Amino acid sequence: MSITIPNPWLMLLVFIVFLVTMFLLNTWLFKPLLGFMDERNTAIQNDLQKINNSDAEIAKINDEIKTIFENAKKEANTILENATNEAQAEYESKMLKKQSESQAKLKTFRLDLQEQKKALETEIVAHLPEFEMALQNKIQQL
């Protein structure tokens with residue numbers, strides 16, 4: 015076995031081909047690939063930022079919706095309370111009116127009854143001798 019020393023010109027040529035290949039790979043493959051990867055990372059970061067902004071907007075909109083619903087509930091309760099109060103007041107006024115009407119009717123009825131009582135008493139007093147005669151006749155028949 016003998017050790018051979020390679021040709022220096024051949025080594026230089028292989029080295030130059032290697033450098034040219036590295037230069038061409040860097041120019042045509044690595045730089046575009048790294049550029050594409052950088053663009054992709056930038057796009058991903060932008061999308062993440064948009065997602066975070068969207069989440070913040072969604073939270074803000076949800077808060078606004080909660081506020082609107084709370085205000086709507088308060089307003090509905092206020093309207094319901096006002097309607098209940100108005101209905102209660104109307105009921106009470108109608109009840110007072112009906113009570114006063116009933117009391118007036120009762121008063122007229124009592125006055126009418128008193129007049130009828132007096133008329134009946136005077137009629138009975140006027141017919142008292144007839145009743146006494148009829149009563150005496152009945153007693154005699156027994």
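Note that the numbering used here has the sequence shown beginning at 15, numbered continuously upward.
Glycine included, every Cβ here is placed at the ideal spot set by N, Cα and C.
Just so we're clear, the structure is a prediction, and the values are computed from it rather than from any experiment.
Item                                                                         : Value
Pair within 9 angstroms by beta-carbon distance, residue 145 and residue 138 : yes
Local conformation of residue 21 per DSSP, three classes                     : coil
Enclosing alpha helix (DSSP H) for residue 81 [first to last residue]        : 45-140
As assigned by DSSP and simplified to three states, the class of residue 156 : coil
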